[in-house]
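2 protein chains.
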Amino acid sequence: MNYFSSEFKLGILGGGQLGKMLLYETRKFDIHTKVMDPSNEAPSRIACNEFFQGDLMDYDAVYALGKKVDLLTIEIENVNLDALEKLEEEGLKVYPPTSALRIIQNKAKQKLFYVDNNIPTADFQRFAYKSEIEDSIANGGITFPFIWKATQFGYDGQGVKVVRKLEDLNGLPTGECIAEKMVDFKNELAVIVARSASGEVKTYPVVEMEFHPEANQVEYVLCPARIDEKVAAKAREVALDLSHKIKHVGLLAVEMFQTQDDKILVNEVAPRPHNSGHYSIEASYTNQFEQHIRAILDLPLGNTDSKVAGIMVNLVGAEGHTGNVVYKNMEKIMGMDGVTPHIYGKKQTRPFRKMGHVTIVNNDIAEARKIAEQVKNSIKVISE
Amino acid sequence: MNYFSSEFKLGILGGGQLGKMLLYETRKFDIHTKVMDPSNEAPSRIACNEFFQGDLMDYDAVYALGKKVDLLTIEIENVNLDALEKLEEEGLKVYPPTSALRIIQNKAKQKLFYVDNNIPTADFQRFAYKSEIEDSIANGGITFPFIWKATQFGYDGQGVKVVRKLEDLNGLPTGECIAEKMVDFKNELAVIVARSASGEVKTYPVVEMEFHPEANQVEYVLCPARIDEKVAAKAREVALDLSHKIKHVGLLAVEMFQTQDDKILVNEVAPRPHNSGHYSIEASYTNQFEQHIRAILDLPLGNTDSKVAGIMVNLVGAEGHTGNVVYKNMEKIMGMDGVTPHIYGKKQTRPFRKMGHVTIVNNDIAEARKIAEQVKNSIKVISE
Numbered sequence: 000m001n002y003f004s005s006e007f008k009l010g011i012l013g014g015g016q017l018g019k020m021l022l023y024e025t026r027k028f029d030i031h032t033k034v035m036d037p038s039n040e041a042p043s044r045i046a047c048n049e050f051f052q053g054d055l056m057d058y059d060a061v062y063a064l065g066k067k068v069d070l071l072t073i074e075i076e077n078v079n080l081d082a083l084e085k086l087e088e089e090g091l092k093v094y095p096p097t098s099a100l101r102i103i104q105n106k107a108k109q110k111l112f113y114v115d116n117n118i119p120t121a122d123f124q125r126f127a128y129k130s131e132i133e134d135s136i137a138n139g140g141i142t143f144p145f146i147w148k149a150t151q152f153g154y155d156g157q158g159v160k161v162v163r164k165l166e167d168l169n170g171l172p173t174g175e176c177i178a179e180k181m182v183d184f185k186n187e188l189a190v191i192v193a194r195s196a197s198g199e200v201k202t203y204p205v206v207e208m209e210f211h212p213e214a215n216q217v218e219y220v221l222c223p224a225r226i227d228e229k230v231a232a233k234a235r236e237v238a239l240d241l242s243h244k245i246k247h248v249g250l251l252a253v254e255m256f257q258t259q260d261d262k263i264l265v266n267e268v269a270p271r272p273h274n275s276g277h278y279s280i281e282a283s284y285t286n287q288f289e290q291h292i293r294a295i296l297d298l299p300l301g302n303t304d305s306k307v308a309g310i311m312v313n314l315v316g317a318e319g320h321t322g323n324v325v326y327k328n329m330e331k332i333m334g335m336d337g338v339t340p341h342i343y344g345k346k347q348t349r350p351f352r353k354m355g356h357v358t359i360v361n362n363d364i365a366e367a368r369k370i371a372e373q374v375k376n377s378i379k380v381i382s383e
Numbered sequence: 000m001n002y003f004s005s006e007f008k009l010g011i012l013g014g015g016q017l018g019k020m021l022l023y024e025t026r027k028f029d030i031h032t033k034v035m036d037p038s039n040e041a042p043s044r045i046a047c048n049e050f051f052q053g054d055l056m057d058y059d060a061v062y063a064l065g066k067k068v069d070l071l072t073i074e075i076e077n078v079n080l081d082a083l084e085k086l087e088e089e090g091l092k093v094y095p096p097t098s099a100l101r102i103i104q105n106k107a108k109q110k111l112f113y114v115d116n117n118i119p120t121a122d123f124q125r126f127a128y129k130s131e132i133e134d135s136i137a138n139g140g141i142t143f144p145f146i147w148k149a150t151q152f153g154y155d156g157q158g159v160k161v162v163r164k165l166e167d168l169n170g171l172p173t174g175e176c177i178a179e180k181m182v183d184f185k186n187e188l189a190v191i192v193a194r195s196a197s198g199e200v201k202t203y204p205v206v207e208m209e210f211h212p213e214a215n216q217v218e219y220v221l222c223p224a225r226i227d228e229k230v231a232a233k234a235r236e237v238a239l240d241l242s243h244k245i246k247h248v249g250l251l252a253v254e255m256f257q258t259q260d261d262k263i264l265v266n267e268v269a270p271r272p273h274n275s276g277h278y279s280i281e282a283s284y285t286n287q288f289e290q291h292i293r294a295i296l297d298l299p300l301g302n303t304d305s306k307v308a309g310i311m312v313n314l315v316g317a318e319g320h321t322g323n324v325v326y327k328n329m330e331k332i333m334g335m336d337g338v339t340p341h342i343y344g345k346k347q348t349r350p351f352r353k354m355g356h357v358t359i360v361n362n363d364i365a366e367a368r369k370i371a372e373q374v375k376n377s378i379k380v381i382s383e
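In the order they appear, the protein sequences are chains U and S. Following numbering that gives the first Met the number 0, the numbering of the first sequence begins with 0 at its first residue and continues without gaps. Following numbering that gives the first Met the number 0, the numbering of the second sequence begins with 0 at its first residue and continues without gaps.
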């Protein structure tokens with residue numbers, strides 16, 4: 000199949016901001032795309048060749064899209080896997096493959112996979128129902144504090160909660176979950192691995208997620224991470240090992256903890272372009288979206304090195320603002336050196352909704368970090 | 000007017016490859032676009048918000064688009080200027096302004112403007128009809144060789160011919176033209192100047208057009224140009240001076256000759272993103288398309304420096320091939336370091352048609368130049 004011809008049709012499940020940025024690359028290579036998303040106002044709608052409104056968890060909808068394309072990829076992992084499996088059986092290329100998605104879609108399976116495959120990760124227990132956690136606490140099986148995680152459909156911090164006392168469990172979903180030991184970490188890191196259909200593999204540099212000291216929210220993603228080279232090498236090694244074992248095709252974003260004694264523990268993974276790789280659009284030789292396309296089309300992978308240091312700041316909806324979005328002080332931040340805003344095109348803001356991101360590039364990461372803080376303090380995502 | 004809101008509508012006249020690349024940036028900033036192009040298969044069609052099929056030289060079509068938008072820009076200078084002038088009179092922001100387009104659209108006016116404004120340029124004569132050139136030759140008014148240029152509607156080398164003997168004039172259009180003295184140049188250079196609506200100005204580094212020794216076709220555009228710093232400074236100065244005098248808004252690509260005695264002569268200009276600036280997508284802090292958007296929206300201009308050296312190779316249709324396009328050896332060039340192909344999405348190839356370009360970036364321009372040559376020797380744009 001010649002990908003650079005009008006015969007080839009690429010299907011993409013999900014049309015959010017990741018899909019939107021993926022479409023810059025399909026446009027660059029003139030690859031014909033068919034996108035499905037539940038929302039008729041999905042950010043991907045404009046730049047794809049054909050748009051289909053459909054429920055990504057619906058067997059028939061996913062199967063029908065699959066029958067219209069030559070290769071199917073995802074921008075979100077919550078999709079109907081039975082339909083993907085059927086499509087694979089019928090000979091369709093589905094990247095990442097269903098086998099990898101089955102492991103990743105359920106956090107209990109993901110954790111068990113780490114344990115079975117000697118991937119370092121924080122201790123945890125799996126529970127079929129939340130009520131079983133309460134029993135376990137009563138019996139001394141788990142001690143506070145711990146992290147509760149729903150095994151399915153968590154996204155952007157939803158489905159995760161720090162539990163310090165019994166009452167913290169109130170109001171959480173009652174279904175399958177895990178209780179994970181809290182890690183006393185020095186840094187939260189991430190490594191993106193690209194793996195092509197024929198098995199070529201490359202890792203991006205380690206990035207560092209810098210948290211707000213009080214709000215417990217990622218404020219900045221920095222590339223390169225300001226860590227010891229040995230720790231960085233170890234993080235890339237762990238990510239690469241996981242990539243080989245999980246046999247994904249496309250990108251795998253591996254989020255990790257660097258513990259106080261410099262161990263690396265895998266937190267969780269995403270088999271697609273990822274927020275922690277957005278810096279790559281401006282900073283890397285090959286951005287993560289182009290790399291994902293190269294990997295799934297089995298083209299040679301591009302150089303993952305950085306041209307310059309890059310820092311990403313998420314643009315999230317301000318607290319107390321719900322409604323038609325306004326970006327305040329956009330002109331001001333665009334006057335700062337090396338600043339590029341990305342607006343995802345969601346019309347409505349609400350507190351903490353991801354509305355865009357801003358990249359700051361500079362030869363000197365310390366200088367970029369200063370500018371990033373000015374960006375963070377200036378820009379406001381509010382409602383009219 | 001808040002540009003980062005759904006109220007604002009940007010009109011773009013022309014939907015070719017320049018428009019297509021401009022739309023990556025309007026998508027990035029979530030700016031609503033209305034594009035008009037004569038072809039229903041224009042490369043811009045997909046990623047704009049609204050597409051209108053229309054003749055860009057037609058008064059009514061251009062005027063009608065203008066009435067639907069808050070600001071109008073162009074990706075091609077051959078548009079109906081009377082309509083633009085009327086729209087400006089009625090209060091629409093048209094960038095570049097009609098006054099600049101009037102000078103640029105007609106090559107005789109452009110040359111006269113240089114003379115009137117002390118912008119160095121090659122000597123020339125203007126003729127209302129081609130037959131007048133023949134009279135002038137007969138009377139010794141012009142001597143061979145010289146360059147014949149149609150004053151209007153030339154594009155991509157059409158409308159330009161080296162005339163070495165009388166017969167070379169055969170078959171050329173009979174209308175208004177200029178005869179320009181041939182310049183014995185060391186290098187052909189270009190400088191892109193960005194000028195915002197409120198007059199902020201920045202120049203990009205000087206690029207060098209490297210010609211094929213026999214075919215007299217630009218083979219490579221290199222940034223930075225491999226020239227003396229003093230010459231580069233002079234080239235930027237001339238471009239800046241012209242920018243101030245012509246009072247464009249948006250980008251102005253200034254093509255220049257470096258003569259054997261290191262004088263700078265302006266060849267011609269384009270008031271928009273330009274082939275000589277395509278390298279900037281991968282190599283510059285702010286690519287030319289984003290910069291054009293910043294300039295026309297009167298946002299602060301971005302950094303025009305390069306992160307790395309960049310070389311661009313045009314992908315033009317191979318001789319002897321007309322029909323459905325195939326890009327041969329695409330996988331091969333994508334395996335070379337720092338190589339990014341851009342496919343414009345034209346379905347039909349024909350000899351010398353611009354079908355795409357390839358950018359090669361590297362810290363070392365000499366290394367990039369070697370890879371560029373491998374790219375040039377590998378990739379073939381042919382028909383099925």
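We treat Cβ as the ideally placed atom computed from N, Cα and C, and that holds for glycine. Computed from a predicted structure; not experimentally measured.
Taking only beta-carbon atoms, is S/D36 less than 8 Å away from chain U?
Start at 1 with the first residue of the second sequence, and residue 36 of chain S comes out as number 37. Output row for S/D36: interface = no.
Decide yes or no for the touch test of the stretch 286-304 of chain U against the stretch 253-261 of chain U: beta carbon pairs closer than 8 Å, at least 3 of them.
No, the stretch 286-304 of chain U does not touch the stretch 253-261 of chain U.
Keeping to the same chain, check which residues put their C-beta closer than 8 Å to that of S/T285; ignore five residues upstream and five downstream.
Position 286 of the second sequence, counted from the first residue, corresponds to residue 285 of chain S. If we look at S/T285 and ignore the five residues flanking it on each side, its Cβ neighbours are S279, R293, L300, G301, N302, T303.
Residue from S/D59, S/F7, S/N79 whose Cα sits closest to the Cα of S/N48:
Reading the second sequence from its first residue, position 49 is the one you call residue 48 of chain S. Comparing Cα positions, the closest option is S/F7.
Report the residue ranges of all alpha helix (DSSP H) runs contained in full by the stretch 114-181 of chain S; include only those spanning at least 4 residues, in chain order.
The stretch 114-181 of chain S contains, as complete alpha helix (DSSP H) runs of 4+ residues, the segments 129-137 (chain order).
Shorter than 7 Å, the distance from the beta carbon of U/Q347 to the closest heavy atom of the ligand ZN, or not?
As far as ligands go, the structure on display features none, and thus does not contain the ligand ZN.
Can you find a CB in chain S that lies within less than 8 Å of the CB of U/L298?
The residue given as residue 298 of chain U occupies position 299 in the first sequence. The C-beta of U/L298 comes closer than 8 Å to at least one C-beta of chain S.
Name the residue from S/I378, S/V253, S/V360 whose alpha carbon lies nearest to the alpha carbon of S/V315.
Within the second sequence, the letter at position 316 stands for residue 315 of chain S. Comparing Cα-Cα distances from S/V315 to each of S/I378, S/V253, S/V360, the minimum goes to S/I378.
Cα-Cα separation, U/D36 to S/K201
Walking along the first sequence from the start, residue 36 of chain U turns up at place 37. Walking along the second sequence from the start, residue 201 of chain S turns up at place 202. Whole-angstrom Cα-Cα distance: 42 Å.
So if I threshold CB-CB distances at 8 Å, which residues from the stretch 44-55 of chain S count as touching chain U?
Contacts with chain U (Cβ-Cβ distance below 8 Å) from the stretch 44-55 of chain S involve I45, A46, C47, N48, listed in chain order.
CB-CB under 8 Å to S/L80, same chain, minus the five flanking residues each way: which ones, in chain order?
Your numbering for residue 80 of chain S matches position 81 in the second sequence. The beta carbon of S/L80 is closer than 8 Å to those of T97, L100, R101, Q104 in its chain, skipping five residues each way along the sequence.
Rounded to whole angstroms, what is the Cα-Cα separation between S/F288 and U/V312?
Residue 288 of chain S sits at position 289 when you count from the first residue of the second sequence. Residue 312 of chain U sits at position 313 when you count from the first residue of the first sequence. Here the alpha carbon of S/F288 sits roughly 23 Å from the alpha carbon of U/V312.
Compute the Euclidean distance between the alpha carbons of S/L21 and U/Q124, then round it to the nearest angstrom.
Within the second sequence, numbered from 1, the residue matching residue 21 of chain S stands at position 22. Within the first sequence, numbered from 1, the residue matching residue 124 of chain U stands at position 125. Computed Cα separation, rounded: 51 Å.
Where are the alpha helix (DSSP H) runs, 4 residues long or more, that stay fully inside the stretch 266-294 of chain U, in chain order?
Runs of the alpha helix (DSSP H) inside the stretch 266-294 of chain U: 279-282.
Cβ of S/I381 within 8 Å of Cβ of S/V325?
Numbered from its first residue, the second sequence carries residue 381 of chain S at position 382. Numbered from its first residue, the second sequence carries residue 325 of chain S at position 326. Contact annotation: S/I381 and S/V325 have beta-carbon atoms nearer than 8 Å.
Residues of chain U with CB under 8 Å from S/I342, in chain order?
Indexing the second sequence from 1 puts residue 342 of chain S at position 343. Going along chain U in sequence order, the residues near S/I342 (Cβ under 8 Å) are F3, K27, F28, D29.
Using 8 Å as the limit for Cβ to Cβ distance, is U/N313 near chain S?
For this step, residue 313 of chain U is matched to residue 314 along the first sequence. Judged by the 8 Å Cβ criterion, U/N313 is not in contact with chain S.
Name the chain S residues whose beta carbon is nearer than 9 Å to that of U/G433?
No statement about residue 433 of chain U is possible, as the shown extent of chain U runs from 0 to 383 and does not include it.
Name the DSSP beta bridge partners of S/V205, please?
On the second sequence, residue 205 of chain S is found 206 positions in, with the first residue counted as 1. DSSP lists no partner for S/V205.
Neighbouring residues, chain U, relative to S/R293 (Cβ below 9 Å):
What you label residue 293 of chain S is simply residue 294 of the second sequence in a count that begins at 1. Ordered by position in chain U, the residues that pass the 9 Å Cβ test against S/R293 are M333.
For S/A317 and U/E372, what's the separation of their Cα atoms in angstroms?
Within the second sequence, numbered from 1, the residue matching residue 317 of chain S stands at position 318. Within the first sequence, numbered from 1, the residue matching residue 372 of chain U stands at position 373. Going by the C-alpha atoms only, they are around 51 Å apart.
Please give me, in chain order, every unbroken run of the alpha helix (DSSP H) with length at least 4 that falls completely inside the stretch 65-116 of chain S.
Listed in chain order, the complete alpha helix (DSSP H) runs (minimum 4 residues) inside the stretch 65-116 of chain S are 80-88, 97-104, 106-115.
With DSSP collapsed to three states, give me the class of U/M56.
Along the first sequence, one-based indexing puts residue 56 of chain U at 57. U/M56 sits in coil when the DSSP states are folded into three classes, being neither helix nor strand.
Below 8 Å on the Cβ atoms is my contact criterion, and I expect S/F112 with S/V182 to pass it. Report the Cβ-Cβ distance as a whole number of Å.
Here residue 112 of chain S is taken as the residue at index 113 of the second sequence, counted from 1. Here residue 182 of chain S is taken as the residue at index 183 of the second sequence, counted from 1. The distance from the Cβ of S/F112 to that of S/V182 is about 18 Å, inconsistent with a contact at the 8 Å cut-off.
Is there a Cβ from chain S that is less than 8 Å from the Cβ of U/V162?
Position 163 of the first sequence, counted from the start, is the residue given in the question as residue 162 of chain U. Taking Cβ atoms only, chain S never reaches closer than 8 Å to U/V162, which makes this a no.
Please report whether the beta-carbon of S/Y326 lies at a distance below 8 Å from any beta-carbon of chain U.
As a working note, residue 326 of chain S is residue 327 in the second sequence. Proximity of S/Y326 to chain U, defined by a Cβ-Cβ separation below 8 Å, is satisfied.
C-beta contact flag for U/P144 and U/V265 at 8 Å
Here residue 144 of chain U refers to the residue found at position 145 when the first sequence is read from its first residue. Here residue 265 of chain U refers to the residue found at position 266 when the first sequence is read from its first residue. Result no, Cβ atoms of U/P144 and U/V265 do not sit closer than 8 Å.
is_contact[U/Y128, chain S] using C-beta, thresh 8 Å:
Residue 128 of chain U sits at position 129 when you count from the first residue of the first sequence. Chain S, which has no Cβ nearer than 8 Å to the Cβ of U/Y128, makes this no.
Segments of 3+ residues assigned as beta strand (DSSP E) that fall wholly inside the stretch 186-262 of chain U:
Those beta strand (DSSP E) runs which fall completely within the stretch 186-262 of chain U and span 3+ residues are 200-202, 206-210, 217-222, 249-258.
Anything in chain U within Cβ reach of S/E330, meaning under 7 Å, just list it in chain order.
Mapped onto the second sequence, residue 330 of chain S falls at position 331. The CB of S/E330 comes closer than 7 Å to the CB of L298, P299 in chain U, given here in chain order.
CB U/E236 to CB U/E254, shorter than 8 Å?
Taking the first sequence and counting its residues from 1, the one referred to as residue 236 of chain U is at position 237. Taking the first sequence and counting its residues from 1, the one referred to as residue 254 of chain U is at position 255. Taking 8 Å as the Cβ cut-off, U/E236 and U/E254 do not qualify as a contacting pair.
Taking the CB atoms as reference points, tell me whether S/A238 and S/V192 lie closer together than 8 Å.
Mapped onto the second sequence, residue 238 of chain S falls at position 239. Mapped onto the second sequence, residue 192 of chain S falls at position 193. Contact check for S/A238 against S/V192 passes: the beta carbons are separated by less than 8 Å.
Can you tell me whether U/N361 is buried or exposed? The criterion is at least 16 other CB atoms within 10 Å of its CB, across all chains shown.
Numbered from 1 along the first sequence, position 362 holds the residue referred to as residue 361 of chain U. Buried, by the Cβ-count rule.
Close beta carbons around U/P350, own chain, < 6 Å, minus the five adjacent residues each side
Position 351 of the first sequence, counted from the start, is the residue given in the question as residue 350 of chain U. Excluding sequence neighbours, U/P350 sits near G316, E318.
Using C-beta distances below 6 Å, list every residue in its chain close to U/D122, excluding the 5 sequence neighbours before and after it, in chain order.
As a first step, residue 122 of chain U is located in the first sequence; it is residue number 123 there, counting from the start. Once the five neighbours on either side are set aside, the close Cβ partners of U/D122 are K180.
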